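Engineer: Numbering (full-length UniProt numbering), first residue to last: 1 to 131. Glycine included, every Cβ here is placed at the ideal spot set by N, Cα and C. The structure displayed is predicted, hence computed values, not measured ones.
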(Lines of atoms letter the chains of each structure in order from A and count residues from 1; the text may use other names and numbers.)
(Lines give C-alpha, C1' and ligand atoms only; values in the text may rest on other atoms or scores of the structure.)
Protein backbone atom coordinates (compact mmCIF):
# COMPACT_ATOMS: atom_id res chain seq x y z
CA UNK A 1 0.00 0.00 0.00
CA UNK A 2 1.22 3.49 -0.81
CA UNK A 3 1.21 6.02 2.03
CA UNK A 4 1.20 9.81 1.92
CA UNK A 5 4.05 11.50 3.75
CA UNK A 6 4.37 15.09 4.92
CA UNK A 7 7.87 16.44 5.49
CA UNK A 8 7.96 19.37 7.92
CA UNK A 9 11.46 20.76 7.45
CA UNK A 10 12.75 24.24 6.66
CA UNK A 11 16.03 23.06 5.07
CA UNK A 12 15.12 22.32 1.46
CA UNK A 13 18.17 20.09 0.92
CA UNK A 14 17.32 17.91 3.92
CA UNK A 15 13.66 17.79 2.88
CA UNK A 16 14.59 16.78 -0.67
CA UNK A 17 16.81 13.94 0.61
CA UNK A 18 13.92 12.61 2.71
CA UNK A 19 11.50 13.09 -0.19
CA UNK A 20 13.78 11.06 -2.47
CA UNK A 21 13.93 8.22 0.08
CA UNK A 22 10.13 8.24 0.45
CA UNK A 23 9.67 7.98 -3.32
CA UNK A 24 12.25 5.17 -3.59
CA UNK A 25 10.28 3.34 -0.89
CA UNK A 26 7.20 3.43 -3.11
CA UNK A 27 5.28 6.13 -1.27
CA UNK A 28 4.13 9.66 -2.04
CA UNK A 29 5.05 13.02 -0.53
CA UNK A 30 2.03 15.32 -0.23
CA UNK A 31 4.14 18.32 0.68
CA UNK A 32 7.20 19.89 2.21
CA UNK A 33 6.29 22.41 4.89
CA UNK A 34 8.79 24.94 6.29
CA UNK A 35 6.49 26.16 9.09
CA UNK A 36 3.32 25.56 11.07
CA UNK A 37 0.95 27.40 8.74
CA UNK A 38 1.91 25.31 5.73
CA UNK A 39 2.14 22.03 7.69
CA UNK A 40 -1.36 22.25 9.12
CA UNK A 41 -2.82 22.67 5.62
CA UNK A 42 -1.94 19.00 4.95
CA UNK A 43 -3.72 17.34 7.90
CA UNK A 44 -6.49 15.72 5.86
CA UNK A 45 -4.24 14.17 3.20
CA UNK A 46 -1.33 12.89 5.31
CA UNK A 47 -0.77 9.39 6.69
CA UNK A 48 2.77 9.79 8.07
CA UNK A 49 4.75 12.92 8.97
CA UNK A 50 8.40 13.58 9.69
CA UNK A 51 8.72 16.82 11.66
CA UNK A 52 11.81 18.86 12.55
CA UNK A 53 11.87 20.81 15.83
CA UNK A 54 13.28 24.14 14.64
CA UNK A 55 11.47 25.52 11.62
CA UNK A 56 11.18 28.80 9.73
CA UNK A 57 8.77 30.11 12.40
CA UNK A 58 10.83 28.99 15.42
CA UNK A 59 10.70 25.86 17.60
CA UNK A 60 7.16 25.02 16.51
CA UNK A 61 7.87 21.41 15.53
CA UNK A 62 6.61 19.82 18.78
CA UNK A 63 3.31 21.72 18.59
CA UNK A 64 2.90 20.79 14.91
CA UNK A 65 3.72 17.15 15.68
CA UNK A 66 1.18 16.97 18.51
CA UNK A 67 -1.54 18.50 16.32
CA UNK A 68 -0.80 16.13 13.42
CA UNK A 69 -0.91 13.14 15.79
CA UNK A 70 -4.37 14.24 16.96
CA UNK A 71 -5.52 13.70 13.35
CA UNK A 72 -4.37 10.06 13.48
CA UNK A 73 -1.16 10.75 11.58
CA UNK A 74 1.91 8.68 12.52
CA UNK A 75 4.46 11.33 13.52
CA UNK A 76 8.20 10.99 14.05
CA UNK A 77 10.39 13.96 14.96
CA UNK A 78 13.65 14.29 13.00
CA UNK A 79 16.07 16.84 14.41
CA UNK A 80 19.70 17.71 14.90
CA UNK A 81 18.82 18.52 18.52
CA UNK A 82 16.93 15.51 19.95
CA UNK A 83 17.50 16.83 23.46
CA UNK A 84 14.93 19.54 22.74
CA UNK A 85 12.20 16.88 22.84
CA UNK A 86 13.85 14.49 25.32
CA UNK A 87 10.74 14.37 27.50
CA UNK A 88 8.61 13.30 24.53
CA UNK A 89 5.73 14.87 22.64
CA UNK A 90 2.16 13.71 23.18
CA UNK A 91 1.03 11.31 20.45
CA UNK A 92 4.41 11.25 18.69
CA UNK A 93 6.19 7.93 18.10
CA UNK A 94 9.72 9.16 18.80
CA UNK A 95 12.68 11.23 17.69
CA UNK A 96 15.46 10.45 15.20
CA UNK A 97 18.72 12.38 15.22
CA UNK A 98 19.94 14.14 12.07
CA UNK A 99 21.92 13.81 9.94
CA UNK A 100 20.64 10.48 8.68
CA UNK A 101 22.32 8.11 6.27
CA UNK A 102 20.35 6.93 3.27
CA UNK A 103 19.91 3.52 4.91
CA UNK A 104 18.70 5.13 8.15
CA UNK A 105 16.12 7.11 6.15
CA UNK A 106 14.89 3.97 4.41
CA UNK A 107 14.71 2.10 7.74
CA UNK A 108 12.79 4.97 9.35
CA UNK A 109 10.29 5.05 6.49
CA UNK A 110 9.70 1.30 6.80
CA UNK A 111 9.29 1.60 10.57
CA UNK A 112 6.74 4.42 10.14
CA UNK A 113 4.81 2.34 7.59
CA UNK A 114 4.83 -0.63 9.98
CA UNK A 115 3.42 1.62 12.71
CA UNK A 116 0.72 2.92 10.38
CA UNK A 117 -0.20 -0.70 9.63
CA UNK A 118 -0.52 -1.47 13.35
CA UNK A 119 2.70 -3.51 13.52
CA UNK A 120 5.49 -2.88 16.03
CA UNK A 121 8.23 -2.93 13.40
CA UNK A 122 11.94 -2.69 14.08
CA UNK A 123 13.00 0.82 15.07
CA UNK A 124 16.20 2.15 13.49
CA UNK A 125 19.15 2.15 15.90
CA UNK A 126 19.14 5.95 16.38
CA UNK A 127 15.40 6.30 16.88
CA UNK A 128 14.40 7.07 20.47
CA UNK A 129 10.84 5.90 21.06
CA UNK A 130 8.54 8.01 23.22
CA UNK A 131 6.03 5.21 23.88
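Taking the alpha-carbon positions, what's the residue 117 to residue 57 distance?
Structural biologist: Looking at the two C-alpha atoms, the distance is approximately 32 Å.
Engineer: Answer yes or no: do residue 65 and residue 74 have a C-beta to C-beta separation smaller than 8 Å?
Structural biologist: No, the Cβ-Cβ distance between residue 65 and residue 74 is not below 8 Å.
Engineer: Count the other CB atoms within 10 Å of the CB of residue 77; is the residue buried (16 or more) or exposed (fewer)?
Structural biologist: So residue 77 ends up on the buried side.
Engineer: Terminal residues of the continuous beta strand (DSSP E) containing residue 24?
Structural biologist: First-last for residue 24: 12-24, but that is the alpha helix (DSSP H), not the beta strand (DSSP E).
Engineer: Give the secondary structure of residue 120 by DSSP, where H, G and I count as helix, E and B as strand, and everything else as coil.
Structural biologist: Coil, per DSSP.
Engineer: Give me the DSSP bridge partner(s) of residue 5.
Structural biologist: 29, 48.
Engineer: What does the Cβ neighbour count give for residue 46, buried or exposed, with the cut at 16 atoms within 10 Å?
Structural biologist: The residue in question, residue 46, is buried, as its Cβ has 16 or more Cβ neighbours within 10 Å.
Engineer: Quick check: residue 32 and residue 49, are their CB atoms within less than 8 Å of each other?
Structural biologist: Not closer than 8 Å, so no.
Engineer: State the CB to CB distance for the pair residue 83 and residue 69, rounded to an integer number of angstroms; the pair is presumed to be in contact (CB under 8 Å).
Structural biologist: Rounded, the Cβ-Cβ distance is 21 Å, inconsistent with contact.
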